[in-house]
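Student: The following block contains the structure, expressed as structure tokens.
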């Protein structure tokens, strides 16, 4: 189960942005919206909302891009471009790698997996 997803220097995200599914201490709707593991209380779902052009679709694209890079990593040759677009509105980030990270639990073991990538290398 997903605990967190983070991205930076990708499309419209210059700085690190994180979606966390950890529950807060608010007890309203605890019976319907929260489930507990041995170590943490988690939300059953999340909603991403905001104004037009605020980055909602780009955040979903970031999740999709990380998934694609992981699942297709064995299928690509070392000369293939990776099709990753960094944040281009700053000269300090246009040449820097994009960052992706996820934290998840499988069989009560917490894992943290992440990487930095540009169009040529991970």
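Numbering (this note's numbering), first residue to last: 165 to 286.
Glycine included, each C-beta is placed from N, C-alpha and C at the ideal position.
Three or more C-beta pairs under 8 Å: does that hold for the segment 181-192 against the segment 248-258?
Tutor: Touching, no, given that fewer than three Cβ pairs across the two stretches are closer than 8 Å.
Student: Measuring alpha carbon to alpha carbon, tell me which of 186, 181, 231 and 280 ends up nearest residue 201.
Tutor: When only C-alpha atoms are compared, the closest one is 186.
Student: How is the beta strand (DSSP E) around residue 184 delimited, first residue to last?
Tutor: Start and end: 181-184.
Student: Is it buried or exposed, residue 226, if we count other Cβ atoms within 10 angstroms and call 16 or more buried?
Tutor: Burial call: buried.
Student: Roughly how many angstroms separate the alpha carbons of residue 228 and residue 169, rounded to a whole number?
Tutor: Cα to Cα, the separation comes out at about 11 Å.
Student: Pick helix, strand or coil for residue 224, following the three-state DSSP scheme.
Tutor: Residue 224: helix per DSSP, three-state reduction.
Student: Name the DSSP bridge partner or partners of residue 277?
Tutor: Its beta-bridge partners are 266.
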